[in-house]
Amino acid sequence: MNSRFTSLYVTGGLFMLLFLIGSLQFDHFGSTRVLANLFTDNAFLAITAIGMTFVIISGGIDLSVGAVIALTGVACGVLIGEAGLHPLVVFPLVLIGGGLFGATMGALIHYYKLQPFIVTLAGMFLARGLATILSDKSVPIDHSFYDAVADFGTFLPGDAWVGASTLILALVVAGAVVLAHYSRLGGYIYALGGNAQSARLMGVPVARTTISIYAISGFLSALAGIVYSFYTFSGYSLAAVGMELDAIAAVVIGGTLLTGGSGYVIGTLIGVLIMGIIQTYISFDGTLNSWWTKIVIGLLLFAFIAMQRLLTARGNRGMAHA
Amino acid sequence: MSLLNLSGIEKQYPGVKALDGVDFQLREGEIHALLGENGAGKSTLVKVMTGALEGDGGSMAYLDKPLKLKSTAQAQSVGISTVYQEVNLLPNLSVAQNLYLGREPKKFGLIDWKRIYRQSREVLKRFALDIDVTQPLSSYSVAIQQLVAIARGVDMSAKVLVLDEPTASLDAGEVEQLFDVLRELKSQGIGIVFITHFLDQVYAVSDRITVLRNGGLVGEFETAGLPREELVGHMLGKELQAQAHRAPERDDRAAGEPLLELDDVAVRGSLQPTSLTVKRGEAVGLAGLLGSGRSEVCRAVFGVDKKSSGALTFSGRERSFRKPAEAIEAGLALCPEDRKASGIVGPLSIRENIALAVQARRGWWRPMSRTEQQELAEKFIAELQIATPDADKPIEQLSGGNQQKVILARWLATNPELLVLDEPTRGVDIGAHAEILKLIKQLCGEGMSLLVTSSELEELVAFSDRVAVMRDRKKVAEIEGEEISENRIMQAIAEA
């Protein structure tokens, strides 16, 4: 077994274990339908968390993602619902806007040597504030395109609905894997998280890489905002409050080191699914308070951080002996 | 043919002239050692020639064409590669990724891993390395990492390879392996700049030597025609003189019984078995070049580094200090080498800085009153003539020499039996320099024992009752009484 993938195996194993427990306990839990719904319901979180994965691998953090989702939603609501623009005109605009928003934060972090935590915290307040100014009420989106998107998709065996959200997520995952492992930028991102100083000395274009990382995260947050609006048919400035923390949790449960330098997109996807399946379990149970989701995720986070600590310590010992 | 030609390079840092009109020339197919003590300007020069830093003045030519470097990436792209002391690769990436980061071969726009792995194995074969290139770099020893770093540099079609202390963490066998590689590269016409503080290694591989001192160029020499003693003299800024001279006004201090005895004390990885005795009321100097093990002795004595073997006797009892607090408790004090990083607490006042060690010794649950602190501070400000309007000035606003005096005061306030001073006069202006020396003598007169490292030979000669000479992480000579002279110390440092 390749030790680099240990945390990935643990995450994958945990998901299967949870799925198995649920299936044994409840009828209809172990079905393709439940699985498909996991993807549909969590697509926006997964898309955001994948952007977050790159940020964390590079050694940074992006707290603005939840607010960007809300801002994107409200912008879509105002532009489509109120101004009556066609979604296909609005989407490119908000996606570019999200990318630029992230790029600006990346540039501030790099050129002014600021902490990503503080810069993206500021970005979070800014985006949330802008969303509220655009509209402090939920803006309904009523457009034929949205109806078409909702109908787009196909049933797989077992009444499993694979819709637009899931397909977009699949595209994002594929793109992210290619970016991480088959592009130079991907290598640079891992390099930056490994040791920024060394990376610079090895000729990694640090400025370009940092800006790209936060631009990717901003772009994917905006995309998640669009997918979220497919889900809610509205834009609301208080949507996705605290979602940046869910995304970070998913990334960590997915096996990415918070200190940077190591992690996998697939791990993050499974991390999101684990969080989703806990929620599904609790709703199947029906008697448990939904806050149990948070408690279980909290415990899982502790367990995973402890595990990472152990794995890193073992890695270092291996180095000393080699 | 000249590969790299730097002339009149200047670099000014706030308050220091790091490089003052330095020339450096590297030929094709040579190994050129760049030598100098701490603060000589070696690393600044390396940074300038590798694009990590821009010089303030002077010019650079590469293959006889003028070259202006803006970044390390640019230097690499024209063929100047650097391998730093700490392996500056990425431990979290695979060996192959480290070799090809930023220049990965692609197929249909995607990185072609098959080809990277194949090429990596071929490249490493030239270095006699047969390892799994898909594994993370961190799973291999430092020596292998170092070779991978060099392989990366060479494979980027480097014509100039700069090696900054590449052997610092290698053992003898690994050094030989590295040297074989260097000789092979040299025969291929690559010019190698080799920075080290191991003189044996300089003589083992280098063809020419450039010596820097205090930011200035001392000279460029053919290795074969430069005796070791002369080289050490150049590095330390001393010419060998015909006759020994001794500080004249030495009082014969009858040294008492042994206070500190080291019996074959060794620290894994940094100090070979070393024996040394410091008697009561005696000042023992530790001489040696940078990296010779001077500071390591101090650190081992004080319990900063844990000794791996040997016995340490202090004040008649065998001790094994596990941490500095225990050494302080026993009556030792250490003024560390790097004042800024491990001595002063910048924003705190002089008073607080002085009171620190006394307070630590008393235990934090028995705080010193403000008046007690004030009295203590005022006493030492007067005694050591610390130039300050009052005791409340933050220490970071003092000059280097006065900061050093405050650190001294901090430790003197604990009334130590043995005071260990690691380079007490580094970065201190001339006036304060003399005062610190005077103070050392005075303390000895009062019965305190001192263990002092210094790279200034005349200083060692001036205050030492005995000088222990360190080389290659162990003691190689001990010079006593009338024998102590700059010449003798230099000879002992240089002996092969």
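Taken in order, these protein sequences are the chains called A and B.
Numbering-wise (the UniProt record's numbering), the first sequence opens with residue 1 and increments by one.
Numbering-wise (the UniProt record's numbering), the second sequence opens with residue 1 and increments by one.
For glycine and all other residues, C-beta sits at the position ideal for the given N, C-alpha and C.
For clarity, every value in this text was computed on a predicted model and none was experimentally measured.
What number of angstroms, rounded off, separates the C-alpha of residue i from the C-alpha of residue j?
{"i": "A222/A", "j": "A249/A", "result": "20 Å"}
{"i": "L299/A", "j": "G242/A", "result": "18 Å"}
{"i": "M1/A", "j": "S7/A", "result": "With a pLDDT of only 41 at M1/A, under 50, the local geometry of the prediction cannot be trusted, and the value read off the model is given with reservation. If you take the alpha carbons of M1/A and S7/A, they lie about 12 Å apart."}
{"i": "L217/B", "j": "R208/B", "result": "14 Å"}
{"i": "K107/B", "j": "H181/A", "result": "13 Å"}
{"i": "M156/B", "j": "S454/B", "result": "42 Å"}
{"i": "L310/A", "j": "Y117/B", "result": "30 Å"}
{"i": "F194/B", "j": "L182/B", "result": "10 Å"}
{"i": "N195/A", "j": "R184/A", "result": "17 Å"}
{"i": "M490/B", "j": "K65/B", "result": "41 Å"}
{"i": "N415/B", "j": "L231/B", "result": "41 Å"}
{"i": "P92/A", "j": "A170/A", "result": "19 Å"}
{"i": "L460/B", "j": "K42/B", "result": "24 Å"}
{"i": "V304/B", "j": "I440/B", "result": "23 Å"}
{"i": "Q197/A", "j": "A477/B", "result": "40 Å"}
{"i": "Q373/B", "j": "D392/B", "result": "11 Å"}
{"i": "G173/B", "j": "V22/B", "result": "35 Å"}
{"i": "E329/B", "j": "A413/B", "result": "13 Å"}
Buried or exposed: where does residue i fall if 16 or more other Cβ atoms within 10 Å of its Cβ makes it buried?
{"i": "M1/B", "result": "exposed"}
{"i": "E30/B", "result": "buried"}
{"i": "P424/B", "result": "buried"}
{"i": "K159/B", "result": "buried"}
{"i": "L483/B", "result": "According to the sequence displayed, residue 483/B carries Glu and not Leu. The residue in question, E483/B, is exposed, as its Cβ has fewer than 16 Cβ neighbours within 10 Å."}
{"i": "D171/B", "result": "exposed"}
{"i": "K47/B", "result": "buried"}
{"i": "R317/B", "result": "exposed"}
{"i": "Q359/B", "result": "buried"}
{"i": "L419/B", "result": "buried"}
{"i": "R200/A", "result": "buried"}
{"i": "I133/A", "result": "exposed"}
{"i": "M235/B", "result": "buried"}
{"i": "T371/B", "result": "exposed"}
{"i": "W364/B", "result": "exposed"}
{"i": "P347/B", "result": "exposed"}
{"i": "Q403/B", "result": "buried"}
Which one of the options has the shortest CA to CA distance from residue i?
{"i": "G288/B", "options": "E37/B, S320/B, Q374/B and Y117/B", "result": "E37/B"}
{"i": "residue 540/B", "options": "A360/B, V46/B, I407/B and R362/B", "result": "Since the first residue of chain B shown is 1 and the last is 496, residue 540/B is not available in this structure."}
{"i": "E176/B", "options": "I190/B, D200/B, A158/B and G191/B", "result": "D200/B"}
{"i": "G256/B", "options": "T167/B, E375/B and R280/B", "result": "R280/B"}
{"i": "G81/A", "options": "K137/A, Y9/A and K113/A", "result": "K137/A"}
{"i": "I350/B", "options": "D263/B, P324/B, V297/B and P394/B", "result": "P394/B"}
{"i": "V296/A", "options": "M307/A, I278/A, F284/A and I305/A", "result": "I278/A"}
{"i": "I253/A", "options": "Q25/A, D41/A, L114/A and M52/A", "result": "M52/A"}
{"i": "D472/B", "options": "C298/B, L290/B and G21/B", "result": "L290/B"}
{"i": "V278/B", "options": "F463/B, R488/B, L450/B and M49/B", "result": "L450/B"}
{"i": "L147/B", "options": "L124/B, V202/B and E230/B", "result": "L124/B"}
{"i": "L238/A", "options": "A83/A, I56/A and M124/A", "result": "M124/A"}
{"i": "residue 342/A", "options": "V265/A, S31/A and F304/A", "result": "The displayed coordinates of chain A run from 1 to 322. Any statement about residue 342/A would go beyond what the structure contains."}
{"i": "H57/A", "options": "G261/A, D142/A, Y146/A and L269/A", "result": "Reading off the sequence, residue 57/A comes out as Ile, not His. If we check each option's Cα against that of I57/A, G261/A comes out closest."}
{"i": "A494/B", "options": "V202/B, T371/B and A391/B", "result": "V202/B"}
{"i": "S141/B", "options": "V95/B, Q397/B, F198/B and A468/B", "result": "V95/B"}
{"i": "A160/A", "options": "T210/A, D41/A and S135/A", "result": "D41/A"}
{"i": "G269/B", "options": "H197/B, K307/B and G285/B", "result": "K307/B"}
{"i": "R128/A", "options": "G235/A, L88/A and G175/A", "result": "G235/A"}
What does a CB cutoff of less than 8 Å around residue i pick up in its chain, not counting 5 residues either side in sequence?
{"i": "L67/B", "result": "M60, A61 and V78"}
{"i": "T280/A", "result": "G22, F29, V34, N37 and L38"}
{"i": "M307/A", "result": "S7 and V10"}
Given that residue i touches chain C, what residues does it touch there, using C-beta distances under 8 Å?
{"i": "E104/B", "result": "This model lacks chain C altogether; the protein chains it does include are A and B."}
With a CB to CB cut of under 7 Å and the five nearest residues on each side skipped, what residues in its chain are close to residue i?
{"i": "V162/A", "result": "A36, G153, T154 and L156"}
{"i": "E28/B", "result": "M1, L3, G189 and G191"}
{"i": "I144/B", "result": "L129 and I131"}
Give me, in chain order, the residues of the same chain whose beta-carbon lies closer than 6 Å to that of residue i; leave out the 5 immediate sequence neighbours on both sides.
{"i": "L384/B", "result": "K405 and A409"}
{"i": "G99/A", "result": "A215, G218 and F219"}
{"i": "G8/B", "result": "G21 and G58"}
Does the contact criterion of 3 or more C-beta pairs under 8 Å hold for the segment 206-215 of chain A versus the segment 98-116 of chain B? Two segments are said to touch when three or more pairs of C-beta atoms, one from each, lie closer than 8 Å; by this definition the segment 206-215 of chain A does not touch the segment 98-116 of chain B.
Segment contact flag, the segment 107-124 of chain A with the segment 44-63 of chain A, C-beta cutoff 8 Å, min 3 pairs: Yes: the two stretches touch, three or more of their Cβ pairs being nearer than 8 Å.
Measuring CB atoms only, is the segment 292-306 of chain B touching the segment 265-274 of chain B, in the sense that at least three cross pairs come out at less than 8 Å? With the cut-off at 8 Å, the segment 292-306 of chain B and the segment 265-274 of chain B touch.
Count the CB pairs spanning the segment 133-145 of chain B and the segment 85-104 of chain B that are closer than 8 Å, and state whether there are at least three. The answer is yes - the segment 85-104 of chain B touches the segment 133-145 of chain B, with three or more Cβ pairs under 8 Å.
Looking at C-beta atoms only, is the number of pairs between the segment 233-247 of chain A and the segment 43-51 of chain A that lie closer than 8 Å three or more? In this structure the segment 233-247 of chain A lies against the segment 43-51 of chain A, because at least three pairs of beta carbons, one per stretch, are closer than 8 Å.
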